[in-house]
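Asks: I have a structure I would like to understand better, so I am pasting it below and will then ask my questions one at a time.
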Amino acid sequence: MAKKINGLMTKEMRIYGENACVAVFNQRPADIIQFFLTKEMLKKFGNITKYCAQNKKAYHIVVSEELEKMTKATHHEGMCMLVKKHSQRPLEAYLSLKPESGLIIALENVANPHNIGAIMRNAAHFGATGILVSDLKIAESASAIRTSEGGSEFIEIFETKDFKKSLSMLAKNKFQIISTSSHAKESLYDLKWEKKAVVIFGEEAMGLSRDLLNLGTAVKIPGTDHVESLNVSVASAVILSDYFQKVKMNEINPRFK
Numbered sequence: 154m155a156k157k158i159n160g161l162m163t164k165e166m167r168i169y170g171e172n173a174c175v176a177v178f179n180q181r182p183a184d185i186i187q188f189f190l191t192k193e194m195l196k197k198f199g200n201i202t203k204y205c206a207q208n209k210k211a212y213h214i215v216v217s218e219e220l221e222k223m224t225k226a227t228h229h230e231g232m233c234m235l236v237k238k239h240s241q242r243p244l245e246a247y248l249s250l251k252p253e254s255g256l257i258i259a260l261e262n263v264a265n266p267h268n269i270g271a272i273m274r275n276a277a278h279f280g281a282t283g284i285l286v287s288d289l290k291i292a293e294s295a296s297a298i299r300t301s302e303g304g305s306e307f308i309e310i311f312e313t314k315d316f317k318k319s320l321s322m323l324a325k326n327k328f329q330i331i332s333t334s335s336h337a338k339e340s341l342y343d344l345k346w347e348k349k350a351v352v353i354f355g356e357e358a359m360g361l362s363r364d365l366l367n368l369g370t371a372v373k374i375p376g377t378d379h380v381e382s383l384n385v386s387v388a389s390a391v392i393l394s395d396y397f398q399k400v401k402m403n404e405i406n407p408r409f410k
């Protein structure tokens, strides 16, 4: 039986922000439990309130201050939803399907929800399969979901308590392992992507642990060297863009080959 934590059932989550809420409505409307919005947003999102009314799902017109208390944030953008959580499958279950292609972003010690949310947004935009994290709670937090701007609805989130073991498992399943470091010798732009790949990012201050840095191919993003490195979410966007240009674009439209 699901337990209650901070007034929420463990299989429920509260999300806020216009794009995050709209993405849930577009992708899995049946998972909406309650919808809260301000009077100012009612006309723009009448389609969602109409759906709620037709499907016996509660919706509430509230003032901005109520949303701030509910979300514990000022950036709620006039709406909030209580929704069912995605069912998360283990990495082993994904690999058991023997995928022929895919890109996973592994985040070692990246704990800032805004960075994780931005990375999920990048991953969705550039067609990555999902992210691998050590703490599912942070990736599923309302602030990470809002920052993803709906991107979290289009990727998978895998959790691991042992990055080295999970990466070894991916390598055994023929995934190319790519580590990132500003001190690496090989340029990202010389990298030959394989159809199945994992890119490992570390926490900004310390970077990747030595164990993970030595796995696979280490690459850097070339630049002026005026600064030590890029923000991890910005770095992920640059690397994902390279992946999209060299691999994903060909899948979407063969004329780019």
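The C-terminal position of the sequence shown is numbered 410 in my numbering, with every residue numbered one higher than the one before it.
Glycine included, C-beta positions come from ideal geometry on N, C-alpha and C.
1) Any heavy atom of the ligand GDP closer than 6 Å to the CB of T300?
2) For Y169, report the span of its beta strand (DSSP E) as first-last.
3) Thinking V121 and I168 are a contact (beta carbons under 8 Å), I'd like their distance in whole angstroms, please.
4) What is the DSSP secondary structure of E312, counted as helix, strand or coil?
5) A206: buried (16+ other C-beta within 10 angstroms of its C-beta) or exposed?
6) Grab me the residues of S389's own chain with a C-beta within less than 7 Å of its C-beta, minus the 5 sequence neighbours each way, in chain order.
7) So is N265 in contact with chain B if we call contact Cβ pairs under 7 Å?
8) Who pairs with Y212 in a beta bridge, going by DSSP?
9) Nearest-angstrom Cα distance between T370 and E193?
10) According to DSSP, is A350 part of a helix, a strand, or is it coil?
11) Drop a sphere of 10 angstroms on the beta-carbon of R363, count the other beta-carbons inside from all chains shown, and report buried for 16 or more, exposed for fewer.
12) What is the DSSP secondary structure of T282, reduced to helix, strand or coil?
Replies: The relevant details are as follows:
1) Questions concerning the ligand GDP fall outside what the structure shown contains, since it holds no ligand whatsoever.
2) 165-169
3) Only positions 154 to 410 of the chain appear in the structure, and residue 121 is not among them; the question remains open.
4) strand
5) exposed
6) I258, I272, N275, F354
7) Annotation note: the requested chain B is absent from the structure, which comprises a single protein chain.
8) F188
9) 51 Å
10) strand
11) exposed
12) coil
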